[in-house]
Every structure is written in structure tokens, then in C-alpha cells.
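Heads up, the thing below is written out as C-alpha cells.
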Amino acid sequence: MDDDQRELANDLLAAAIAMIEDMVETAVAGQSSRLTLSQLADHGRSLQAAARDVAIIAEAAMIIAESGVEHPRDRRKHRN
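Using numbering that gives the first Met the number 0, read the sequence shown as starting at 0 and increasing by one per residue.
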């Protein structure tokens, strides 16, 4: 993996952490006994959307990182 790939994967994972921290704040705010059911549902929808975004970012980081990894089967092809 070259340095650019590593930096991009690291940046993506840092972005995911920031999003997860925001999700924690949303979940904590959703625990208030003063919220209406509609507000609770909104918090749930926000968490659901953020979780999807984090999953997409994690997938992108994995794809970028794995694209720089030489697999054993690839090494055999290069020897022939």
C-alpha cells in the first residue's frame, strides 16, 4: 500500500470516528424523558442514517486498504 492509500484510509476511519461520536450525542439526547414520540423517532432515524454512512465509509476504507495488499495468489502469477 502506498502512502496516499494509507493516508486516505486513515482519513476515512477518522471521519467514521467523528460520525460515531456524533451518534453517541444523538443517542444520549434521545434518552431524555421530555421528548415526544415523534422526536424519539427522529433520533432513531438520525442514528439509522448515520450508521449507514459509517458502514459506507468503513467499506471504502477497506477497499482502499485491500487494493494495496498483494495477495499470495497474485505473487504466484508474477513468478511465472
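Positions of the beta carbon are idealized from the N, C-alpha and C atoms, including for glycine.
Q.
Let me confirm a value: A80 is counted as buried when at least 16 other C-beta atoms fall within 10 Å, else exposed. Which label applies?
A. Because the chain here runs from 0 to 79, residue 80 falls outside it and cannot be looked at.
Q: Just confirm the distance between the C-beta atoms of A54 and L11, as a whole number of angstroms; I'd bet it's less than 8 Å.
A: Mapped onto the sequence shown, residue 54 falls at position 55. Mapped onto the sequence shown, residue 11 falls at position 12. About 12 Å separates the two Cβ atoms, so there is no contact after all.
Q.
Count Cβ pairs between the segment 32–52 and the segment 3–23 that sit closer than 8 Å; are there 3 or more?
A. yes
Q) DSSP three-state call for T25: helix, strand or coil? A) The residue labelled residue 25 in the question sits at position 26 within the sequence shown. In this structure, T25 counts as helix in the three-state DSSP scheme.
**Q.** Q30 to L36 span [Cα, whole Å]
**A.** By one-based count along the sequence shown, residue 30 stands at place 31. By one-based count along the sequence shown, residue 36 stands at place 37. A direct Cα-Cα distance of roughly 11 Å separates Q30 from L36.
Q. In the structure shown, what three-state DSSP assignment does G43 receive?
A. The residue you call residue 43 lines up with position 44 of the sequence shown. Residue state, collapsed to three classes: helix.
**Q.** Own chain, CB closer than 6 Å to H42, minus 5 neighbours either side, in chain order
**A.** Within the sequence shown, the letter at position 43 stands for residue 42. So the list reads T25, G29, once near-sequence residues are dropped.
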